[in-house]
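Okay, so here's the structure we're looking at.
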Amino acid sequence: MTDTEWARVRPLLPVPGWMRGRGGRPEAYCHRVILDAIRHLVDNGIKWRAMPADFPPWGRAYAFFRRWRDHGLVKEFHDRLRGQVREKLGRNTEPTAGVIDSQSVKADAVVGADSRGFDGGKLINGRMLLWNRRTTGPLSSRQGR
Numbered sequence: 163m164t165d166t167e168w169a170r171v172r173p174l175l176p177v178p179g180w181m182r183g184r185g186g187r188p189e190a191y192c193h194r195v196i197l198d199a200i201r202h203l204v205d206n207g208i209k210w211r212a213m214p215a216d217f218p219p220w221g222r223a224y225a226f227f228r229r230w231r232d233h234g235l236v237k238e239f240h241d242r243l244r245g246q247v248r249e250k251l252g253r254n255t256e257p258t259a260g261v262i263d264s265q266s267v268k269a270d271a272v273v274g275a276d277s278r279g280f281d282g283g284k285l286i287n288g289r290m291l292l293w294n295r296r297t298t299g300p301l302s303s304r305q306g307r
């Protein structure tokens, strides 16, 4: 992560409790290093346990990610960054239009009937994935059916 990226991202991250005077033990790893580890994982499609030695141990990086995810910070982080991108483009921070799309994926006979169906338009027996794409590109929601 470059210094410019970090300057934009840092204010969006939660402040640790010990820095707010709530007590507790200082965290052993900088949030920037943790974010770099998570970005590396997403960018390269590796498993948590395959994290290179240049990053904190996979368990610590995953613990941060899990805590941020469980408290809704990952979604909030995404939404804030999306809002900044939209403002920079001169648009309203919240999207007013989107495109709904779907994809049919063939499913084998071993896939349960309750999670698959028949797409009459494409003549495919399988699962249908639905998603809503905002006009600037970031995916807003995805749902398997």
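Per our numbering, the sequence shown starts with residue 163, numbered consecutively. Where is the CB? At the ideal position from N, CA and C, for every residue including glycine.
Bridge partner(s) assigned by DSSP for residue i
i    : result
D241 : DSSP output for D241 lists no bridge partner at all.
K268 : G288
D281 : I286
Where the alpha helix (DSSP H) containing residue i begins and where it ends
i    : result
H202 : H193 to N206
R253 : No alpha helix (DSSP H) contains R253, which DSSP labels as neither H nor E.
W168 : D165 to V171
G221 : W220 to D232
Whole-Å CB distance - residue i paired with residue j, under 8 Å assumed
i    : j    : result
L197 : V177 : Incorrect: roughly 15 Å between the Cβ atoms, too far for contact.
Y191 : R229 : Not really, about 13 Å apart at Cβ, beyond 8 Å.
A269 : N287 : 7 Å
R289 : V267 : 5 Å
R211 : W220 : 5 Å
Cβ shell of residue i (< 6 Å), same chain only, five flanking positions each side left out
i    : result
L175 : H193
Q246 : none
Other residues of its chain near residue i: CB distance less than 7 Å, five sequence neighbours each side excluded
i    : result
I200 : A223 and F227
W168 : R194
Own chain, CB closer than 8 Å to residue i, minus 5 neighbours either side, in chain order
i    : result
H202 : I208, M213, P214 and F217
G185 : G179
M163 : V171, R194, L197, D198 and R201
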